[in-house]
Amino acid sequence: MPNKLLGSIARLAGHKGEVLCLDAPCIDDDGGDSSASTGSASSQPMLVSGGEDGTVRIWDLQAGRASRAIMVPATEGADPAVTAVCLGTAGANDRWVYAATAAGIFGYDLRAPGMLLREPARRFAPSRDEIGQLALHSNGVLAAADDAGEVRMYDVGATGELLATLTGGHTSLCCTAAFRPGRPWELYSAGLDALCVRWDWKKAVPMASWPLARLFDTSSQAQLLNPRHAHCLSFAPDGGTVAIALGDGTIEVRLAETGEPIAAVDAHRAAASQARFSPQLRAALVVRAREEMYSIADASTSAEAASALDAAAAPGAYQA
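Its first residue numbered 1, the sequence shown is counted upward by one per residue in UniProt numbering.
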């Protein structure tokens, strides 16, 4: 796969502090909320970021600069950092941005005038603890994974109603959640308990759960010392497989229906923070902050997947 796919094309500056979260239509896997919708203003190259400075930036990637800024309300006595963002790009969600700070969730309509937005158009009932990730489905359902080990499901319509609270699946922080493509009632979550849970969120019950224990011995010091906390879930476009980025630097690919591991690669020396399937390329893009980037091809069989993963993990492969 050509290195140019992973080449740096721009440096975006604007936050006054660390960038903590990102979302972009091109890597969205929330079950259909894609920038490909005809006539959508969000079909232009966009990126949304949230930072420890308490702001959200909307980036125009063609111009290489921030086109809008959002000042997210800070909760009294809480860290003002924006810990999760997501961008709506289809249907009623088009031109909406959702952001979380501490346990609060806010929605902003980008059709509002002005370069700086201060007042949220929607406020949602807070989670029980700090929110680590937001996931938006094109049918208007927002999932918020929090440090209490819960996932709360909201209707992002005019009422902002809390639809369900998914509890009892995790014994520690829930770090990531993702809707399964083609099955809008299914949500998967994972976290610091090294457990992946498959939910029927409409019934608020777990359908299955799988421990993310290592299935083979390794002599790698990184894998021996670092726990297999789950940091990111990403579905293949057809919903048949799910990639999981783990704290020991491993990227695992599992069958979504059964949880059976079909491929794995020790891609990083430290925690793997991201694993993304590209809808356009049908490939997984694995990103580790302050380390290298790897492009990992998706495959329909475990043998093909293992071969592609091994190739991607080769020394120097696809280095950014």
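Even for Gly, the Cβ is constructed at its ideal location relative to N, Cα and C.
Out of the options, point me to the one whose CA is closest to residue i's CA.
i	options	result
GLN133	ALA121, ASP146, ARG122 and GLY140	ASP146
ALA69	ALA84, PRO80, VAL97 and GLU76	VAL97
ASP248	ALA194, MET71 and GLY239	ALA194
GLU76	GLY54, LEU87, TRP59 and ALA90	GLY54
ALA245	ALA230, CYS196 and ARG254	ALA230
LEU87	ALA264, ALA99 and ALA164	ALA99
ALA24	ARG95, LYS16, GLY14 and HIS15	ARG95
GLY157	HIS137, ALA256 and ALA148	HIS137
LEU116	VAL82, ILE131, MET71 and ARG128	MET71
ARG183	GLY169, ARG198, HIS170 and CYS174	ARG198
ALA148	ALA164, ARG128, SER234 and THR165	ARG128
VAL265	LYS203, ARG254 and THR258	ARG254
GLY240	ASP79, VAL151, PRO120 and PHE277	PHE277
PRO80	GLU130, GLY169 and VAL151	GLU130
Report, in whole angstroms, the separation of the C-beta atoms of residue i and residue j, which I expect to be a contact under 8 Å.
i	j	result
LEU187	TRP201	5 Å
ALA84	CYS21	5 Å
ALA190	THR176	5 Å
ARG228	ALA213	7 Å
CYS232	ALA275	5 Å
My output table needs one value for residue i: the three-state DSSP class, helix, strand or coil.
i	result
ALA297	Because the pLDDT of ALA297 is 41, which lies under 50, any placement of that residue in the model is unreliable, and the question is left without a value.
SER42	Note that SER42 scores 48 on pLDDT, short of 50, meaning its location in the model is unreliable and no value can be drawn from it.
PRO25	helix
ALA103	coil
GLY91	helix
ARG123	strand
ARG65	strand
residue 390	Past the edges of the chain, shown from 1 to 320, lies residue 390, and the structure says nothing about it.
LEU12	coil
ASP30	Confidence at ASP30 is low in this model, with a pLDDT of 43, below 50, so its placement is unreliable and the value that follows should be read with caution. DSSP places ASP30 in coil when its eight states are reduced to three.
ASP248	coil
THR83	strand
LEU20	strand
PRO261	strand
ARG180	strand
ALA144	strand
GLY116	Residue identity check: residue 116 is Leu in the sequence provided, not Gly. Here LEU116 sits in strand by DSSP.
ALA270	coil
MET1	Note on MET1: pLDDT 37, under 50, position unreliable in the model; the coordinate value appears next. The answer is coil: DSSP assigns MET1 none of H, G, I, E or B.
ARG111	coil
ARG128	coil
Between residue i and residue j, is the Cβ-Cβ spacing less than 9 Å?
i	j	result
SER172	LEU192	yes
PHE124	TYR154	yes
GLY140	ALA92	yes
GLY114	VAL82	no
ASP238	PRO181	yes
ARG57	ALA66	yes
ALA135	ALA178	yes
TRP59	GLY17	no
ALA144	THR101	no
Since residue i sits in a beta bridge, which residues does DSSP pair it with?
i	result
THR165	ARG152
ASP53	BP columns for ASP53 are empty, so no partner.
GLU186	ASP200
VAL72	Bridge partners of VAL72: none, in fact.
SER234	ALA243
residue 344	Nothing in the structure corresponds to residue 344, since the chain is present only between 1 and 320.
THR159	THR159 is not bridged to any residue.
ASP193	For ASP193, which the question treats as bridged, DSSP gives no partner whatsoever.
LEU134	ALA144
Looking at chain D, is there any beta carbon in it that lies within less than 9 Å of the beta carbon of residue i?
i	result
LYS203	Absent from the structure: chain D. Only one protein chain is present.
Compute the minimum distance between the beta carbon of residue i and the heavy atoms of the ligand COA, and state whether it is under 8 Å.
i	result
ARG183	The ligand content of the structure shown is nil, which means the ligand COA is not present either.
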